[in-house]
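In our numbering, the protein residues as written are 34 to 399. Note that CB positions come from ideal geometry on N, CA and C, so glycine has one too. Owing to the predicted nature of the structure, the values given are computational and were not obtained by experimental measurement.
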Amino acid sequence: MAILELKNLKKTYGKGAQSVAVIHGVDMRIADGEFVVIVGPSGCGKSTLLRMVAGLEEISSGQVLIDGTVVNEKEPAERDIAMVFQNYALYPHMKVYDNMAYGLRIRGMSTEEIAKRVNIAADILELKPLLERKPKQLSGGQRQRVAMGRAIVREPKVFLFDEPLSNLDAKLRVQMRLEIKQLHNRLKTTSLYVTHDQVEAMTLAQRMIVMNSGVAEQIGTPKEVYETPASTFVASFIGSPPMNILKGSLSANGAFYTLSGAADYALAKALPAHGGKPYQLGIRPEHLRPVNDQENGSGIPFTVSLVESLGSDYLVHGSCPGLDKPQEIVLRTTKDSFAAGQHLQLTADPEQLHWFEEKSGKRVKC
Ligand SMILES: Nc1ncnc2c1ncn2[C@@H]1O[C@H](COP(=O)(O)OP(=O)(O)OP(=O)(O)O)[C@@H](O)[C@H]1O
Ligand SMILES: [Mg+2]
């Protein structure tokens with residue numbers, strides 16, 4: 034168990050004119066026993082950040098501290114950290130038991146202690162019947178469990194996971210996600226977990242770091258990130274389908290117009306006191322609904338182009354007017370009452386509207 038701290042952590046690859054800065058100063062304190070997920074699109078620097086914590090990548094500047102001790106100069110083996118990778122990295126010629134025991138043997142641990150630890154881990158991960166098999170005789174999910182077993186037997190201060198589930202099919206991924214969550218509930222080891230999958234991040238994280246091009250765009254609980262995204266980037270990365278972001282302008286009297294001036298969205302009640310300026314308005318697909326009779330038919334003019342059925346609910350795709358082209362909108366609903374070509378007025382409850390600055394995309398506090 035340990036506290037993990039990242040202090041103004043930066044990474045630049047290469048030297049001089051060829052150098053590329055990929056991590057621009059990340060600060061984070063991960064509490065003892067906390068499960069933190071780093072999430073972001075491909076190439077945003079998730080693995081680089083994790084590998085700096087693991088000691089597999091040199092730190093350009095800033096510090097990594099474990100329980101208050103700076104570990105920048107420590108070898109990976111001295112950091113008391115165990116890492117689980119996407120590609121399992123099991124030894125193909127060794128049985129499951131030996132794959133889990135190997136790291137302990139090279140540390141000179143006694144045979145009895147090794148047997149005890151491997152058996153406990155095999156119990157937790159339900160690997161007992163598979164201990165005599167070789168990796169090629171296992172399914173993908175079982176191999177992933179062995180890779181986790183190898184990390185568990187080390188009894189490290191910190192677990193690091195780099196996309197451990199991305200080689201598995203969708204169903205197995207959900208199952209393994211639950212297993213990782215249960216494992217953490219049981220062991221309560223401080224964990225840093227990397228994924229590009231926002232559903233995995235939302236379900237596993239106690240807190241998450243949303244990364245965008247080497248910057249921690251937002252750090253918070255899944256609920257905070259979903260309910261108050263710090264920027265349009267976070268708003269459109271977290272949530273499926275992503276939040277609708279409409280460009281427009283607020284009039285001084287508090288109505289919302291598309292930049293074409295074609296549509297008055299009449300969301301006056303909900304607007305912040307910033308009238309007369311361009312803004313981006315965010316509304317999640319699940320919060321949009323057709324206006325009701327009391328709202329006098331006044332809302333965002335919406336034309337349906339396509340309806341997708343997900344079984345339990347529907348995604349209604351379409352558009353509203355915009356400056357140079359129509360702006361796309363998705364509505365998520367349980368009602369089977371929409372059809373292509375239909376014209377409607379949409380609205381959302383005031384507390385479910387999100388306002389972002391026009392240029393920076395940063396959240397405007399209301
Ligand atoms: N050795 C290297 N030299 C130069 N640039 C590198 C090196 N390794 C990684 N990068 C760059 O650093 C950036 C971050 O890479 P990183 O592997 O951390 O991304 P990631 O968020 O893990 O992406 P993915 O989801 O695809 O795994 C990328 O733009 C990548 O091209
Ligand atoms: Mg990566």
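- Here the C-alpha atom of Ile153 lies approximately 20 Å from the C-alpha atom of Leu171.
- By the CB criterion at 9 Å, Leu123 and Leu82 fall outside the cutoff.
- Within the stretch 133-201, complete beta strand (DSSP E) segments of at least 3 residues are found at 191-195, given in chain order.
- In the structure shown, the three-state DSSP call for Gly315 is strand.
- Leu193 is not a Cβ neighbour of Ala35, given a cutoff of 9 Å.
- In this structure, Gly272 is the residue among Asn200, Leu201, Gly272 with its C-alpha nearest to the C-alpha of Ala234.
- Runs of the alpha helix (DSSP H) lying entirely within the stretch 248-287, each at least 4 residues long, are 255-260, 265-270 in chain order.
- According to the DSSP assignment, Arg365 belongs to the beta strand (DSSP E) that extends over 360-366.
- A Cβ-Cβ distance of about 6 Å is found for the pair His387 and Ala268, placing them in contact under the 8 Å criterion.
- A heavy atom of ligand 1 is found nearer than 8 Å to the CB of Tyr46.
- Rounded to whole angstroms, the separation of the alpha carbons of His320 and Pro125 is 50 Å.
- Here the stretch 367-377 makes contact with the stretch 336-345; the two share three or more CB pairs at distances below 8 Å.
- Partner residues in a beta bridge of Cys77, as assigned by DSSP, do not exist.
- In this structure, the beta-carbon distance from Pro274 to Arg365 falls below 9 Å.
- A direct Cα-to-Cα measurement between Lys214 and Asp230 gives close to 16 Å.
- Lys358 sits away from Gln313, with the two beta carbons spaced by 9 Å or more.
- Bounds of the beta strand (DSSP E) holding Thr223 are 223-228.
- The set of residues with a C-beta under 5 Å from any non-hydrogen atom of ligand 1 comprises Tyr46, Val55, Ser75, Gly76, Cys77, Gly78, Lys79, Ser80, Thr81, His229, given in chain order.
- Lys48 carries a coil assignment under DSSP once its states are collapsed to helix, strand and coil.
- By the neighbour-count criterion, in which a residue is buried when 16 or more other Cβ atoms sit within 10 angstroms of its Cβ, Pro323 is buried.
- With a threshold of 8 Å, the Cβ atom of Val53 does not count as near ligand 2, since no heavy atom of the ligand is closer than that.
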